[in-house]
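Enquirer: Let me give you the structure first, and then I'll get to my questions.
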Ligand SMILES: Nc1ncnc2c1ncn2[C@@H]1O[C@H](COP(=O)(O)OP(=O)(O)OP(=O)(O)O)[C@@H](O)[C@H]1O
């Protein structure tokens, strides 16, 4: 008998109500430890609301969000972050007047505040970890330049690096290829694939060429609801997806 998957996240029948409008409507999704999951859907499908709900920024009116079996749907946002869930938002949010390495250092320090608050003592040396992340995001040669001088794609990689620096177990990456060309998109897919295993990752993106390169299971949302789930080939072949979405995706 094969061992049961190590379930990390369970979004269980979640509804999010904005003054009577259901941005999420009984939506469910499960994610195993070390898995990459892509979530796609037309504009307004509820993808960002899903991320906001997982990180505790938005409260569900029904349903639960379980992280490692614990119901986190009523916890404050900072407690959820402390459990190891970190989100990268759509627009790069790097600190332009600090160096690349200092941006990573601050992200790592945010994590270490939690480390200390839980009484785990002195944090382990960070410099080595930051050097590893710089290599991973392809910015080792640019560690001392100001983050504000990076190209758009490099800023996105730095932000992914900052999410990694928090040592979060679950990474939520909202449109990590926004504004990128094909070569940068391919590097982003390689970077995200290299993070799986160490992290579980939910990726939201509209770029189907990018989604294909992630070689991950894809969940399709529509009007706040689960539409279907499968490999990218299954998604491309699904008539419902074609009707509501793929005709409009690039
Ligand atoms: N704070 C809010 N108040 C009211 N309605 C909201 C709020 N936030 C989002 N919505 C609505 O909820 C729906 C889902 O929005 P959401 O941003 O989650 O979709 P999305 O799939 O991420 O879309 P996109 O691909 O355009 O980013 C949309 O119709 C949006 O207008």
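In the UniProt record's numbering, the protein residues as written are 1 to 250. C-beta atoms are modelled at their ideal positions from N, C-alpha and C, and glycine is treated no differently. Values in this document were obtained by computation on a predicted structure and should not be read as measured data.
1. Provide the residue(s) that pair with residue 22 in DSSP beta bridges, ordered along the chain.
2. Measuring from the CB of residue 43, is there a heavy atom of ligand 1 at a distance below 6 Å?
3. To the nearest angstrom, report how far apart residue 69 and residue 9 are at their CA atoms.
4. Would you report the Cα separation of residue 62 and residue 142, rounded to the nearest angstrom?
5. Out of curiosity, what's the CA-to-CA distance linking residue 154 and residue 47?
6. Does at least one heavy atom of ligand 1 sit under 6 Å from the Cβ of residue 339?
7. Ligand 2 and residue 245: does the residue's C-beta get closer than 6 Å to at least one heavy atom of that ligand?
8. Please name the residue, chosen from 210, 130 and 237, that lies closest to residue 37 on a Cα-to-Cα basis.
9. Taking the straight line between their C-alpha atoms, what separation do you get for residue 194 and residue 79?
10. What residue from 138, 14, 31 and 30 has the CA that sits closest to residue 23's CA?
11. Using the Cα positions of residue 158 and residue 202, report the straight-line distance between them to the nearest angstrom.
12. According to DSSP, is residue 78 part of a helix, a strand, or is it coil?
Expert: On the basis of the coordinates in this document:
1. As a first step, residue 22 must be located in the chain shown, where it is residue number 22. DSSP lists 17 as partners of residue 22.
2. In the chain shown, counting from the first residue as 1, residue 43 sits at position 43. Answer for residue 43: yes, Cβ within range of ligand 1.
3. The residue given as residue 69 occupies position 69 in the chain shown. The residue given as residue 9 occupies position 9 in the chain shown. So the alpha carbons of these two residues sit roughly 8 Å apart.
4. Position 62 of the chain shown, counted from the first residue, corresponds to residue 62. Position 142 of the chain shown, counted from the first residue, corresponds to residue 142. Those two C-alpha atoms are separated by around 46 Å.
5. For the purposes of this step, residue 154 is identified with residue 154 of the chain shown, where counting begins at 1. For the purposes of this step, residue 47 is identified with residue 47 of the chain shown, where counting begins at 1. Separation of residue 154 and residue 47 (C-alpha to C-alpha, rounded to the nearest whole angstrom) is 24 Å.
6. In the structure as shown, the chain starts at 1 and stops at 250, and residue 339 therefore has no counterpart that could be examined.
7. Although ligand 2 was asked about, the structure shown includes only ligand 1 as ligands.
8. In the chain shown, the residue the question calls residue 37 occupies position 37. Ranked by Cα distance from residue 37, the first of 210, 130 and 237 is 210.
9. As a position in the chain shown, residue 194 is number 194, starting the count at 1. As a position in the chain shown, residue 79 is number 79, starting the count at 1. Straight-line spacing of the CA atoms in residue 194 and residue 79 works out to 28 Å.
10. Indexing the chain shown from 1 puts residue 23 at position 23. Checked all of 138, 14, 31 and 30; the closest Cα to residue 23 is 14.
11. What you label residue 158 is simply residue 158 of the chain shown in a count that begins at 1. What you label residue 202 is simply residue 202 of the chain shown in a count that begins at 1. Cα to Cα, the separation comes out at about 18 Å.
12. As a working note, residue 78 is residue 78 in the chain shown. Here residue 78 sits in helix by DSSP.
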